[in-house]
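Heads up, the sequence shown is in the numbering used here, so the first residue is 1311 and it goes up one at a time.
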Amino acid sequence: MSVLLAERITAGYGKVPIVQGVSVRAEVGQVVSIVGPNGAGKSTFLKAVFGLLRKVDGRVEVDGCDVSHLPPHRIAVSGMAYVPQVNNVFPSLSIVENLEMGAYTRRQGMRERIEEVLEIFPDLKAARSGRAGVLSGGQRNMLGMARALMLSPRVVLLDEPTAGLSPAYTTVVWKQVRRVAETGTGVVVVEQNVDLAVSHSDWTYVLVAGRNRLDGAASEVAKEDLSSIFLGGGGGNSTVSDGSQTGMGGEPMVANGS
Ligand SMILES: Nc1ncnc2c1ncn2[C@@H]1O[C@H](COP(=O)(O)OP(=O)(O)OP(=O)(O)O)[C@@H](O)[C@H]1O
Ligand SMILES: [Mg+2]
1311 MSVLLAERIT AGYGKVPIVQ GVSVRAEVGQ VVSIVGPNGA GKSTFLKAVF GLLRKVDGRV
1371 EVDGCDVSHL PPHRIAVSGM AYVPQVNNVF PSLSIVENLE MGAYTRRQGM RERIEEVLEI
1431 FPDLKAARSG RAGVLSGGQR NMLGMARALM LSPRVVLLDE PTAGLSPAYT TVVWKQVRRV
1491 AETGTGVVVV EQNVDLAVSH SDWTYVLVAG RNRLDGAASE VAKEDLSSIF LGGGGGNSTV
1551 SDGSQTGMGG EPMVANGS
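Following this line, the structure appears as structure tokens:
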């Protein structure tokens, strides 16, 4: 079952369309990665999906409900969470206070939810009363993720949660991403490092120059010559999937014929 359906999203800044007709889908319990060269429009796409940028065109559904025209705070209540690439925690607040901030609209079950979320992130649980400002970069990224889970979202969008982290911590963060998915949440992760993306996700989308270039089961995408695709070279017009995830609206996102 799809928890996120973003169809043919076109968006940008001012009049310039950065993202053109991009479609991405995420299923319950699945980790979906989005990769692509710098400036491909990955962050722009997430912002448009979360309602932070006005969409020129396209449709977004969360759990079957159309949220295309809702502002971010209403999209959040509808079951989507978004963790930006930078500045995703309040450094002067404690870990628990950061989690409370993530759920200020939640009327009931705040305490219980904090405990549930801390169970997923043992590092945070151990430091729960400490200030977020003393956390390492990786721990801060985890706190951003944890805060995003406070409203029990159906789908979480993470923009480069491993950027700038040591390889060891990167692995830790990816393990947490998997744990989040195992709670039944769909996770969409933008990742700079293609090898990490394909080895830790179920499905991978490749965006180049603001458009869908390729998508498929991560293990299949891993076999493609991605560096040449990133540079705009060949190989990108083949679908590497069995089509089970593509073909929204009856039309494959990437043409068949490898
Ligand atoms: N606030 C903005 N105003 C105008 N143009 C912007 C803005 N933010 C990004 N852009 C432009 O939009 C394009 C896509 O940027 P975006 O940040 O979405 O790419 P990205 O794929 O996330 O790249 P990266 O891998 O570097 O994070 C770039 O050409 C960028 O210069
Ligand atoms: Mg980005």
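Using N, Cα and C, we set each Cβ at its ideal position, and we do this for glycine too.
Could you work out which residue in the options is closest to residue i when comparing CA atoms only?
i, options, result
"Gly1448", "Met1460, Phe1431, Gly1349 and Arg1335", "Phe1431"
"Arg1450", "Ala1413, Glu1426, Asp1512 and Asn1397", "Asn1397"
"Gly1368", "Ala1386, Thr1320, Glu1410 and Gly1324", "Thr1320"
"Gly1419", "Ser1462, Val1516, Glu1429 and Asp1373", "Ser1462"
"Gly1331", "Tyr1323, Ala1458, Phe1355 and Ala1527", "Phe1355"
"Val1498", "Glu1470, Arg1417 and Tyr1323", "Glu1470"
"Pro1477", "His1383, Asp1505, Pro1347 and Trp1513", "Asp1505"
"Val1500", "Gly1346, Tyr1323 and Val1329", "Gly1346"
Taking 7 Å as the cut-off, does the CB of residue i come closer than this to any heavy atom belonging to ligand 3?
i, result
"Asp1512", "Ligands in the displayed structure: ligand 1 and ligand 2; ligand 3 is not one of them."
What does a CB cutoff of less than 7 Å around residue i pick up in its chain, not counting 5 residues either side in sequence?
i, result
"Gly1440", "Ser1404 and Ile1405"
"Leu1380", "Gly1361 and Ser1388"
"Ala1413", "Met1420, Arg1423, Met1460 and Leu1461"
"Leu1453", "Val1399, Ile1405, Asn1408, Leu1434, Ala1442 and Leu1445"
"Glu1337", "Met1311, Ser1312, Val1313 and Gly1496"
"Val1427", "Leu1409, Ala1456, Leu1459 and Met1460"
"Asp1373", "Val1313, Gly1389 and Arg1464"
"Ala1473", "Gln1395 and Gln1502"
"Val1483", "Gly1448, Asn1451, Met1452, Pro1471, Thr1472 and Leu1475"
How about residue i: is its Cβ closer than 7 Å to a heavy atom in ligand 2?
i, result
"Glu1470", "yes"
"Val1396", "no"
"Val1516", "no"
"Val1500", "yes"
For residue i, which residues from the same chain have a beta carbon less than 6 Å from its beta carbon, with the 5 sequence-adjacent residues on both sides left out?
i, result
"Val1587", "In the structure displayed, the chain extends from 1311 to 1568; residue 1587 sits before or after that span and is not available."
"Ala1532", "Val1508"
Which same chain residues end up closer than 8 Å to residue i when comparing Cβ atoms and leaving out the 5 residues on each side of it in sequence?
i, result
"Lys1365", "Ile1319, Thr1320, Ala1321, Ala1358 and Ser1378"
Nearest-residue set for ligand 1, Cβ under 5 Å from any heavy atom: Tyr1323, Ile1328, Asn1348, Gly1349, Ala1350, Gly1351, Lys1352, Ser1353 and Thr1354
Should the segment 1340-1354 be called in touch with the segment 1482-1499, which here means at least 3 C-beta pairs below 8 Å? yes
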